[in-house]
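Student:
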Amino acid sequence: MSAGGILTNKDYGKLAVNYMKKYKGKIEIIPKCPIRNLEDFAIWYTPGVAENCRQIVENIDESFEQTWRWNTIAIVTDGSRVLGLGNIGAAAGLPVMEGKALLFKYLGGVDAIP
């Protein structure tokens with residue numbers, strides 16, 4: 023820490039590395055739907071999911087009502103220009119994409135997948 027108790031950029035970097043190693047990333051996917059027992063998988067997966075598919079085939083707009091499509095985006099990088107770090111590659115750019123996913127979720131309520 024610098025004088026006055028304010029973290030320096032170097033301190034933030036150390037914290038970021040420690041936290042990323044501890045948590046193995048910044049985001050996870052958890053179910054929105056209740057899973058109380060194995061029978062629930064028959065509703066949410068097969069055979070129940072077939073009816074969702076049939077309805078979406080008949081009316082593509084149902085994909086916005088019955089899936090996460092209405093509120094989900096992908097965050098993609100080829101790693102060629104990441105936060106001024108240059109061409110660091112896609113794997114090295116993933117922590118930045120995860121950070122963007124956090125911003126989308128907590129500031130805008132949008133589910134973002136890096």
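Just so you know, the sequence shown maps onto residues 23 to 136 in my numbering.
All residues carry an ideal CB built from backbone N, CA and C; glycine is no exception.
#1: Does DSSP put Asp100 in a helix, a strand or coil?
#2: Touch check for the region 115–134 and the region 85–103: three-plus C-beta pairs under 8 Å?
#3: Quickly, what does DSSP pair Ala134 with across the bridge? List them, please.
#4: Determine the burial state of Val104: buried for a count of at least 16 other Cβ atoms within 10 Å of its Cβ, exposed for fewer.
#5: Hey, Met119 and Ile97 are a contact pair by Cβ (cut 8 Å); roughly how many whole angstroms apart?
#6: Can you name, in chain order, every residue of its own chain whose Cβ lies under 6 Å from the Cβ of Glu61, other than the five neighbours on each side?
#7: For my contact list, Gly121 and Lys48 are in at a C-beta cut-off of 8 Å; report their separation, rounded to the angstrom.
#8: Can you grab the Cα-Cα spacing for the pair Thr99 / Ile110, in whole Å?
#9: Tell me the rounded alpha-carbon separation between Val79 and Thr30.
Tutor: With the given structure in hand:
#1: Taking the first residue of the sequence shown as position 1, residue 100 is located at position 78. In the three-state reduction of the DSSP assignment, Asp100 falls in the coil class, being assigned neither a helical nor a strand state.
#2: Taking one beta carbon from each stretch, the region 115–134 and the region 85–103 have 3 or more pairs nearer than 8 Å; the two touch.
#3: Within the sequence shown, the letter at position 112 stands for residue 134. Answer is Ile95.
#4: Looking up residue 104 in the sequence shown gives position 82. Answer is buried; the Cβ neighbour count reaches 16.
#5: As a working note, residue 119 is residue 97 in the sequence shown. As a working note, residue 97 is residue 75 in the sequence shown. Contact flag correct, Cβ pair sits at about 5 Å.
#6: Numbered from its first residue, the sequence shown carries residue 61 at position 39. Closer than 6 Å at the Cβ level, and outside the excluded window around Glu61, lies no residue.
#7: Residue 121 sits at position 99 when you count from the first residue of the sequence shown. Residue 48 sits at position 26 when you count from the first residue of the sequence shown. With a contact defined as Cβ atoms closer than 8 Å, Gly121 and Lys48 qualify at about 6 Å.
#8: In the sequence shown, residue 99 corresponds to position 77, counting from 1. In the sequence shown, residue 110 corresponds to position 88, counting from 1. Rounded to whole angstroms, the separation of the alpha carbons of Ile110 and Thr99 is 10 Å.
#9: If you number the sequence shown from 1, residue 79 lands on position 57. If you number the sequence shown from 1, residue 30 lands on position 8. Distance between Val79 and Thr30, taken at the CA atoms: about 54 Å.
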